[in-house]
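Inspection log for the structure reproduced underneath, given as structure tokens.
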Amino acid sequence: MSSLVLCASVEILTLRSRPKAALGRRIMATETFHTLIARNKRNSFILIGGFMLFFIGMGLLIGMVWGAGEWQFGATVAVIAAGVAFVLTLLSFYGGSSALLGMSKAREIKKADDPQLFNVVEELCLAGGTPLPRIYLIGDSAMNAFATGRDPAHASVAITTGLRRKLTRDQLQGVMAHEMSHVRHYDIRYAMLMAVMVGVLVMLCDVFLRSLWFGAGSRRRSRSRDREGGNPLQIVLIIVAVILAIIAPILARIIQMALSRQREYLADAGAVELTRNPDGLAGALARLSGDQEVLEVANRATAPLYIVHPIKKFEARASSIFSTHPPIKERISRLTALTH
Amino acid sequence: MTALTIAIVVTVVLAVILIALYNGLVSKRTRCRTAWSQIDVQLKRRYDLIPNLVETVKGYAAHEKETLEAVIQARNAAIAAGTVGEQAQCENMLSGALRQIFALSEAYPDLKANQNFAAMQEELTSTENKIAFSRQHYNDSVGVYNIATQKFPNNMVAGMFGFKPEEFFELEEPEQREAPKVSF
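Those sequence lines, one after another, are chains D and S. So the mapping is simple: the numbering used here equals the position in the first sequence, first residue as 1, plus 1. So the mapping is simple: the numbering used here equals the position in the second sequence, first residue as 1, plus 118.
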């Protein structure tokens, strides 16, 4: 229960800090990318840890209702749910990248195809001490870039030809640094893990609510009437479980989106750590915010991996709690604060 | 649980922690050394690229002989340099000489339009960046390693096994910190 409140309060804090700076965290003059990185990692830890507790808690609760108040049954359900989530995560780990790149019409390039892009990425690998990822060009005039891969040794970065043509060398380096920071911070792993956990949780709540409709919890009522004080507790348990099972999917998505935004800020700070040049990425983001075109090959499933949300109408409502990316103005102001 | 069992468990836990700390220090120190050798790799890359650049420019700007010769001399001096300080100074002069060659392209539009020259310019810009980034990475690795040797409880392990803090890559003389001036 307390993990639920904790997660909700972290999210409310982030909500309030955006429109009015009164309660939120201003960027102080002494902020460096080190402190930004530390703060973002802490927030991610809180969000993921809180969500895992929430997940186990829901499993336990639902299991207890099904098992008429026995916590051993609850524990079994929680363990099975966690096991399913673990197996699905492993599967998506090893299958993920090629499917995504195939969907996006990406073409791998060698050094001779685009020496400047290749050099830019090579320089970043030297700065970060990571191996060279595979580099892809997406033939689309919209401006966007993304990264995929479970760790730096198995990574790919991609950029659209539209973005490639319109940026200066420093801005290009800022964008590629942002993408490579996602890989270095294992953001793709976190995103897969969260997606699987949210998916299993939603399924579990769905199955639970349907099972109640078909009378699973009530089948045991005749037996539990014989127990002392078992009946009112059982009803309270069912009511609480139903309320939570309805809210849980929404709450889970809010937490997932909050984590996604934290990781975007972290990737921006990581890009500065690599290039030591906040103006490059800030300039690229400013150019991106002016672009009205919609990326044709993207869809909602692949959206969180892009540098800005590829479907423009979401960008306009970017201060909503359901958006995967923070507002661009906020990202630019955090970056420019680092130059003073 | 007897006192003996507890003692064994505690010893095992301590041993595991000790091993983890030691291995952490070893990998951080190795990273520093790898980063250091990487700087040399990038410097050599620059030495190899320069003769090609001079050949490309010669065809278009025959009467800029002094500028071209200055570059070749600076390159040879850098290769022959002895101490780290001397090498850093020669590298700086070489950067300045190269910048003068790129400034030449403003005066000779044919040179500027030449595809080879443009490709060369990108390669040399990239090489300068790579040298800077590899130095940056070396300093970052040294920073991480030095923090690790001095934090508690790592500093005890570091003292026991002789892990000393590494030195940062720094420019020794104040003149080297000034960007070389480009003159026409």
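Backbone N, C-alpha and C define an ideal beta-carbon position, used for all residues, glycine too.
Under 7 Å between C-beta atoms of residue i and residue j
{"i": "residue 272(D)", "j": "residue 168(D)", "result": "no"}
{"i": "residue 1(D)", "j": "residue 251(S)", "result": "Since the first and last residues shown for chain D are 2 and 341, residue 1(D) lies out of range."}
{"i": "residue 281(D)", "j": "residue 175(D)", "result": "yes"}
{"i": "residue 158(D)", "j": "residue 132(D)", "result": "no"}
{"i": "residue 74(D)", "j": "residue 270(D)", "result": "no"}
{"i": "residue 146(D)", "j": "residue 308(D)", "result": "yes"}
{"i": "residue 262(S)", "j": "residue 146(S)", "result": "yes"}
{"i": "residue 256(S)", "j": "residue 154(S)", "result": "yes"}
{"i": "residue 229(S)", "j": "residue 182(S)", "result": "no"}
{"i": "residue 248(D)", "j": "residue 283(D)", "result": "no"}
Among the options, the one whose alpha carbon lies nearest that of residue i
{"i": "residue 156(D)", "options": "190(D), 267(D), 163(D)", "result": "190(D)"}
{"i": "residue 234(S)", "options": "225(S), 220(S), 247(S)", "result": "220(S)"}
{"i": "residue 286(S)", "options": "201(S), 135(S), 131(S), 258(S)", "result": "258(S)"}
{"i": "residue 154(D)", "options": "165(D), 185(D), 166(D)", "result": "185(D)"}
{"i": "residue 182(D)", "options": "75(D), 57(D), 247(D), 276(D)", "result": "276(D)"}
{"i": "residue 1(D)", "options": "122(D), 244(D), 136(D), 129(D)", "result": "Lying outside 2 to 341, the shown extent of chain D, residue 1(D) is not represented and no answer is given."}
{"i": "residue 45(D)", "options": "262(D), 146(D), 56(D)", "result": "262(D)"}
{"i": "residue 211(S)", "options": "227(S), 228(S), 185(S), 231(S)", "result": "185(S)"}
{"i": "residue 246(D)", "options": "55(D), 289(D), 37(D), 39(D)", "result": "55(D)"}
{"i": "residue 80(D)", "options": "92(D), 62(D), 91(D)", "result": "62(D)"}
{"i": "residue 270(S)", "options": "254(S), 176(S), 139(S)", "result": "139(S)"}
Distance between residue j and residue i (C-alpha atoms, nearest Å)
{"i": "residue 89(D)", "j": "residue 161(S)", "result": "47 Å"}
{"i": "residue 336(D)", "j": "residue 266(D)", "result": "10 Å"}
{"i": "residue 85(D)", "j": "residue 242(S)", "result": "53 Å"}
{"i": "residue 69(D)", "j": "residue 260(S)", "result": "59 Å"}
{"i": "residue 137(S)", "j": "residue 165(S)", "result": "43 Å"}
{"i": "residue 259(D)", "j": "residue 47(D)", "result": "11 Å"}
{"i": "residue 272(S)", "j": "residue 264(D)", "result": "30 Å"}
{"i": "residue 264(S)", "j": "residue 156(S)", "result": "19 Å"}
{"i": "residue 148(D)", "j": "residue 160(D)", "result": "9 Å"}
{"i": "residue 248(S)", "j": "residue 224(S)", "result": "25 Å"}
{"i": "residue 192(D)", "j": "residue 200(D)", "result": "12 Å"}
{"i": "residue 303(S)", "j": "residue 192(S)", "result": "Any question about residue 303(S) goes unanswered here, given that chain S covers just 119 to 302."}
{"i": "residue 216(S)", "j": "residue 189(S)", "result": "7 Å"}
{"i": "residue 138(D)", "j": "residue 178(D)", "result": "16 Å"}
{"i": "residue 152(S)", "j": "residue 142(S)", "result": "16 Å"}
{"i": "residue 91(D)", "j": "residue 115(D)", "result": "35 Å"}
{"i": "residue 201(S)", "j": "residue 158(S)", "result": "13 Å"}
{"i": "residue 231(S)", "j": "residue 49(D)", "result": "55 Å"}
{"i": "residue 329(D)", "j": "residue 124(S)", "result": "56 Å"}
{"i": "residue 218(S)", "j": "residue 187(S)", "result": "12 Å"}
{"i": "residue 288(D)", "j": "residue 325(D)", "result": "20 Å"}
{"i": "residue 284(S)", "j": "residue 149(S)", "result": "11 Å"}
Own chain residues within Cβ distance below 8 Å of residue i, not counting five before or after
{"i": "residue 170(S)", "result": "238"}
{"i": "residue 224(D)", "result": "With a pLDDT of 49 at residue 224(D), under the threshold of 50, the predicted position of this residue should be treated as unreliable, though the coordinate-derived value follows. Cβ within range, chain order: 69."}
{"i": "residue 76(D)", "result": "61, 64"}
{"i": "residue 163(S)", "result": "245, 248"}
Beta-carbon separation (whole angstroms), residue i vs residue j, contact threshold 8 Å
{"i": "residue 83(D)", "j": "residue 205(D)", "result": "Between residue 205(D) and residue 83(D) the Cβ distance is about 11 Å, and since that is not below 8 Å, they are no contact."}
{"i": "residue 279(D)", "j": "residue 339(D)", "result": "5 Å"}
{"i": "residue 239(D)", "j": "residue 66(D)", "result": "6 Å"}
{"i": "residue 93(D)", "j": "residue 197(D)", "result": "6 Å"}
Residues near residue i by beta carbon distance below 6 Å, same chain, minus five either side
{"i": "residue 208(S)", "result": "195, 196, 199"}
{"i": "residue 40(D)", "result": "none"}
{"i": "residue 210(D)", "result": "246"}
{"i": "residue 126(D)", "result": "133"}
{"i": "residue 268(D)", "result": "179, 182, 183"}
{"i": "residue 188(D)", "result": "264"}
Residue i beta carbon near the ligand GDP (any heavy atom closer than 6 Å)
{"i": "residue 107(D)", "result": "The ligand GDP is not part of the structure shown, which contains no ligands of any sort."}
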